[in-house]
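Trainee: For what it's worth, this note's numbering labels the leading residue of the sequence shown as 230, then goes sequentially.
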Amino acid sequence: MAKPDVRTLAAQVVHEVRGQGRSLGTALPTAEQHLGEGSSRALLRELCYGSLRYAPRLDAWLDLLLAQPLRRRDAPVGALLQVGLYELFFLRTPDYAVVSETVRAARGFKRPWAAKLVNAVLRNARRREGELAALAESEEVAHYAHPAWLIRRLRADWPRDWQRILDENNARAPMTLRVNAMRTTPEAYRERLAEAGLGAQPARYAADALVLDEPADVAQLPGFAAGEVSVQDAAAQLAAGLLDAQTGQHVLDACAAPGGKTAHILERARGEVDLTAVEVDAGRMRRVEDTLARLGLSARLATADLAQPEAWWDGRPFERVLLDAPCSATGVIRRHPDIKSLRREEDIEDLTRRQQALLDVAWSVLAPGGRLVYATCSILRTENALNIERFLRRRDDARELPIEAPWGQAESHGRQILPGEDGMDGFYYACLGKDGA
Ligand code: SAM
Numbered sequence: 230m231a232k233p234d235v236r237t238l239a240a241q242v243v244h245e246v247r248g249q250g251r252s253l254g255t256a257l258p259t260a261e262q263h264l265g266e267g268s269s270r271a272l273l274r275e276l277c278y279g280s281l282r283y284a285p286r287l288d289a290w291l292d293l294l295l296a297q298p299l300r301r302r303d304a305p306v307g308a309l310l311q312v313g314l315y316e317l318f319f320l321r322t323p324d325y326a327v328v329s330e331t332v333r334a335a336r337g338f339k340r341p342w343a344a345k346l347v348n349a350v351l352r353n354a355r356r357r358e359g360e361l362a363a364l365a366e367s368e369e370v371a372h373y374a375h376p377a378w379l380i381r382r383l384r385a386d387w388p389r390d391w392q393r394i395l396d397e398n399n400a401r402a403p404m405t406l407r408v409n410a411m412r413t414t415p416e417a418y419r420e421r422l423a424e425a426g427l428g429a430q431p432a433r434y435a436a437d438a439l440v441l442d443e444p445a446d447v448a449q450l451p452g453f454a455a456g457e458v459s460v461q462d463a464a465a466q467l468a469a470g471l472l473d474a475q476t477g478q479h480v481l482d483a484c485a486a487p488g489g490k491t492a493h494i495l496e497r498a499r500g501e502v503d504l505t506a507v508e509v510d511a512g513r514m515r516r517v518e519d520t521l522a523r524l525g526l527s528a529r530l531a532t533a534d535l536a537q538p539e540a541w542w543d544g545r546p547f548e549r550v551l552l553d554a555p556c557s558a559t560g561v562i563r564r565h566p567d568i569k570s571l572r573r574e575e576d577i578e579d580l581t582r583r584q585q586a587l588l589d590v591a592w593s594v595l596a597p598g599g600r601l602v603y604a605t606c607s608i609l610r611t612e613n614a615l616n617i618e619r620f621l622r623r624r625d626d627a628r629e630l631p632i633e634a635p636w637g638q639a640e641s642h643g644r645q646i647l648p649g650e651d652g653m654d655g656f657y658y659a660c661l662g663k664d665g666a
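Next comes the structure, spelled out in structure tokens:
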């Protein structure tokens, strides 16, 4: 059987995300399996990420270019057109190659008209380039390449910063490493990277972090398989310091997968904390298992719904609780551009309610005198400072513990890092203390 070509696969991934609600993180690896290692995988990745990053703009361009909208069942052809437009205007592939390769991919679509349409739209797009550029200037959704509801909400929450946030969301995120403090130091590991031909710089605020000058495959990272290093954004690496788990403490990581913070808490405590990691999704819990195995760490893993403590809790209160809550992920759009297509405005209220419910449960298992760190990778105030405000209003045994930190900005409660600030992802943290030691 002929190998599927890279543009067909890219269109399939874009369609699975936009038409079927799959995440890029699950759709792309499946598609990658059809290609060998090397440059065609890199192109597939670029086409998928780019087409999703600019999807709102590409939608607007397609509206202009198509005489009539495609029928719902022809959405896969729309996805191929998006991929074609992205390659035409954002990559250096010569026009003739984009057109001929995308038309060739369209021939595989079992729709006799598709190749002709793709040919006409892509050629026309180049001819009408000036109009497309004008549209990307004048229309906000096309210009910022974000859905209208998200632009509106970010503008309301961040009247001074919203444009910068939108631009940062369209930028490429750096690859940041977390050096395993139990095995080596960032300085020593940086030298090992240099020997392997990889440049890296210390991160400004995360003590264990190194930011690679250029992203690399993890297989190229010295000692990765042996657990010397992990991949984790610097903002996410601030959680373990805020939690400040001490030797021997009983610690809960309440929403644990894929386990980046679980592992960091253990590394910092040299494995000498009694840590329980709860995760509702069994598939994602396997990733926690793999991570801990690679790093040679151990924790008690409970695949369960946090909201049902009777299923996972032995009744012994925790001195430290990290609640890294499920959220809109609006702070990490630069790493997950599929969020622009997958997230709906109506999800936000639902997420906020779930976060409050999880906060209540996490609080109920915290020992008096204990500390809870609430974290999200959201930049929407309702999921962050306003959630903490609601929580503090209904709990009189809770008080906020101030975060004295040079990073991010103080909110009415907690601290917010906006995407791209000091190279970090958008992240929110608040620390809460329970009265009565
Ligand atoms: N702390 C993780 C890390 O640093 O690698 C990331 C956690 S992610 C933001 C949130 C996780 O919470 C997801 O894996 C999700 O499946 C899990 N989750 C959502 N609802 C949950 C619940 N009711 N009980 C336990 N886990 C839940």
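Glycine included, C-beta positions come from ideal geometry on N, C-alpha and C.
1) Which whole-angstrom value is the C-beta distance of residue 309 and residue 284, which I expect to be below 8 Å?
2) Throw me the rounded Cβ distance for the residue 509 and residue 535 pair, which I believe falls under 8 Å.
3) Any heavy atom of the ligand SAM inside 8 Å of the beta-carbon of residue 648?
4) According to DSSP, is residue 494 part of a helix, a strand, or is it coil?
5) Following the continuous beta strand (DSSP E) through residue 603, name the residue where it begins and the one where it ends.
6) With DSSP as the reference, label residue 275 as helix, strand or coil.
7) Helix or strand or just coil, what does DSSP make of residue 642?
8) Consider the C-beta atom of residue 482 and the heavy atoms of the ligand SAM; say whether any pair is separated by less than 8 Å.
9) Please report the residue range of the alpha helix (DSSP H) in which residue 507 lies.
10) Within the continuous beta strand (DSSP E) that includes residue 663, where are the two ends?
11) Tell me the DSSP secondary structure of residue 396 in three-state form.
12) Identify every run of the beta strand (DSSP E) within the region 259-329, keeping only runs that are complete inside it and at least 3 residues long; order them along the chain.
13) By how many angstroms is the C-alpha of residue 497 removed from the C-alpha of residue 526?
14) Verify the contact flag: residue 538, CB atom, against every heavy atom of the ligand SAM, threshold strictly below 8 Å.
15) Taking the alpha carbon of residue 404 as the reference point, which residue from 652, 369, 660 has its own alpha carbon closest?
16) Say yes only if the C-beta of residue 660 is nearer than 8 Å to one or more non-hydrogen atoms of the ligand SAM, and no if none qualify.
17) Identify the continuous alpha helix (DSSP H) that holds residue 338 and give its terminal residues.
18) Any heavy atom of the ligand SAM closer than 8 Å to the beta-carbon of residue 468?
19) Can you list, in chain order, the residues of its chain with a C-beta nearer than 8 Å to that of residue 296? Leave out the 5 residues immediately preceding and following it.
20) Quick one: does the C-beta of residue 490 sit closer than 8 Å to a heavy atom of the ligand SAM?
21) Could you tell me whether the region 454-461 touches the region 424-431, where touching means 3 or more Cβ pairs closer than 8 Å?
22) Tell me the rounded alpha-carbon separation between residue 627 and residue 596.
23) Which residues in the same chain as residue 564 place their Cβ atom closer than 8 Å to its Cβ, once the five residues preceding and following it in sequence are excluded?
24) Taking 7 Å as the limit between beta carbons, can you name the residues of its chain near residue 646, skipping five residues before and five after?
25) Is residue 436 closer than 9 Å to residue 488 when the C-beta atoms are compared?
26) Excluding sequence positions up to five away, which residues of its chain have a Cβ less than 6 Å from the Cβ of residue 421?
27) If we count the other Cβ atoms within 10 Å of its Cβ and call it buried at 16 or more, is residue 458 buried or exposed?
28) Classify residue 438 as helix, strand or coil using the three-state DSSP reduction.
29) With three or more beta-carbon pairs closer than 8 Å as the criterion, would you say the region 545-563 touches the region 597-605?
30) What does the alpha-carbon distance come out to for the pair residue 312 and residue 363?
31) Please confirm whether any heavy atom of the ligand SAM lies closer than 8 Å to the CB of residue 605.
32) For residue 372, does the three-state DSSP call read helix, strand or coil?
33) Tell me, which residues are paired with residue 532 by DSSP?
34) Hey, quick one: how far does the beta strand (DSSP E) through residue 429 stretch, first residue to last?
35) Compute every distance between the C-beta of residue 587 and the non-hydrogen atoms of the ligand SAM, then say whether any falls below 8 Å.
Mentor: From the atom records:
1) One-based indexing of the sequence shown puts residue 309 at position 80. One-based indexing of the sequence shown puts residue 284 at position 55. In this structure residue 309 does not touch residue 284 by the C-beta definition: roughly 13 Å separates them, more than the 8 Å allowed.
2) Against the sequence shown, residue 509 aligns to sequence position 280. Against the sequence shown, residue 535 aligns to sequence position 306. With a Cβ gap of about 7 Å, residue 509 and residue 535 count as contacting.
3) Residue numbering aside, residue 648 sits at position 419 when the sequence shown is read from its first letter. Checking the 8 Å criterion, the Cβ of residue 648 is out of range of every heavy atom belonging to the ligand SAM.
4) Here residue 494 refers to the residue found at position 265 of the sequence shown. Here residue 494 sits in helix by DSSP.
5) For the purposes of this step, residue 603 is taken as the residue at position 374 of the sequence shown. Where residue 603 is concerned, the enclosing beta strand (DSSP E) stretches over 595-605.
6) Here residue 275 corresponds to residue number 46 of the sequence shown, with the count starting at 1. Under the three-state reduction of DSSP, residue 275 is assigned to helix.
7) Here residue 642 is taken as the residue at index 413 of the sequence shown, counted from 1. Looking at residue 642 - three-state DSSP - the assignment turns out to be coil, as it is neither helix nor strand.
8) What you label residue 482 is simply residue 253 of the sequence shown in a count that begins at 1. Within 8 Å of the C-beta of residue 482 there is at least one heavy atom belonging to the ligand SAM.
9) Taking the sequence shown and counting its residues from 1, one reaches residue 507 at position 278. In the DSSP annotation of this structure, residue 507 is not part of any alpha helix (DSSP H); the continuous beta strand (DSSP E) holding it starts and ends at 503-508.
10) Looking up residue 663 in the sequence shown gives position 434. Where residue 663 is concerned, the enclosing beta strand (DSSP E) stretches over 656-663.
11) Against the sequence shown, residue 396 aligns to sequence position 167. Three-state DSSP puts residue 396 in a helix.
12) Entirely contained in the region 259-329, not one beta strand (DSSP E) run reaches 3 residues.
13) For the purposes of this step, residue 526 is identified with residue 297 of the sequence shown, where counting begins at 1. For the purposes of this step, residue 497 is identified with residue 268 of the sequence shown, where counting begins at 1. If I take the Cα positions, the gap works out to 11 Å.
14) Numbered from 1 along the sequence shown, position 309 holds the residue referred to as residue 538. Look at residue 538: its beta carbon is at least 8 Å from all of the heavy atoms in the ligand SAM.
15) Here residue 404 is taken as the residue at index 175 of the sequence shown, counted from 1. Among 652, 369, 660, the Cα nearest to that of residue 404 is on 652.
16) Mapped onto the sequence shown, residue 660 falls at position 431. Checking the 8 Å criterion, the Cβ of residue 660 is out of range of every heavy atom belonging to the ligand SAM.
17) As a working note, residue 338 is residue 109 in the sequence shown. Residue 338 -> no alpha helix (DSSP H), and no H or E assigned at all.
18) Position 239 of the sequence shown, counted from the start, is the residue given in the question as residue 468. Within the cutoff, so yes.
19) Working through the sequence shown from its first residue, we reach residue 296 at position 67. For residue 296, where only same-chain residues beyond five positions count, there are no Cβ hits under 8 Å.
20) Residue 490 sits at position 261 when you count from the first residue of the sequence shown. Checking every heavy atom of the ligand SAM against the Cβ of residue 490, one is found closer than 8 Å.
21) Counting C-beta pairs closer than 8 Å gives fewer than three between the region 454-461 and the region 424-431, which falls short of the contact rule.
22) Here residue 627 is taken as the residue at index 398 of the sequence shown, counted from 1. Here residue 596 is taken as the residue at index 367 of the sequence shown, counted from 1. Distance between the alpha carbons of residue 627 and residue 596: 12 Å.
23) By one-based count along the sequence shown, residue 564 stands at place 335. Here the set comprises 402, 462, 654.
24) Here residue 646 corresponds to residue number 417 of the sequence shown, with the count starting at 1. The residues are 464, 636, 637, 653, 655, 656.
25) As a working mapping, residue 488 is identified with position 259 in the sequence shown. As a working mapping, residue 436 is identified with position 207 in the sequence shown. A distance of 9 Å or more separates the beta carbons of residue 488 and residue 436.
26) In the sequence shown, residue 421 corresponds to position 192, counting from 1. Contacts found: 451.
27) Locating residue 458 in the sequence shown gives position 229, counting from the first residue. By the beta-carbon neighbour count (other beta carbons within 10 angstroms, threshold 16), residue 458 is buried.
28) Sequence index remark: in the sequence shown, residue 438 carries index 209 (1-based). DSSP places residue 438 in strand when its eight states are reduced to three.
29) Enough Cβ pairs lie closer than 8 Å, so yes.
30) Residue 312 sits at position 83 when you count from the first residue of the sequence shown. Residue 363 sits at position 134 when you count from the first residue of the sequence shown. Their backbone Cα atoms lie some 21 Å apart in a straight line.
31) The residue labelled residue 605 in the question sits at position 376 within the sequence shown. Residue 605: yes, Cβ under 8 Å from the ligand SAM.
32) In the sequence shown, counting from the first residue as 1, residue 372 sits at position 143. Here residue 372 sits in helix by DSSP.
33) Residue 532 sits at position 303 when you count from the first residue of the sequence shown. According to DSSP, residue 532 bridges with 508.
34) Residue numbering aside, residue 429 sits at position 200 when the sequence shown is read from its first letter. The continuous beta strand (DSSP E) containing residue 429 extends over residues 429-431.
35) Position 358 of the sequence shown holds residue 587. Here the distance from the Cβ of residue 587 to the nearest heavy atom of the ligand SAM is below 8 Å.
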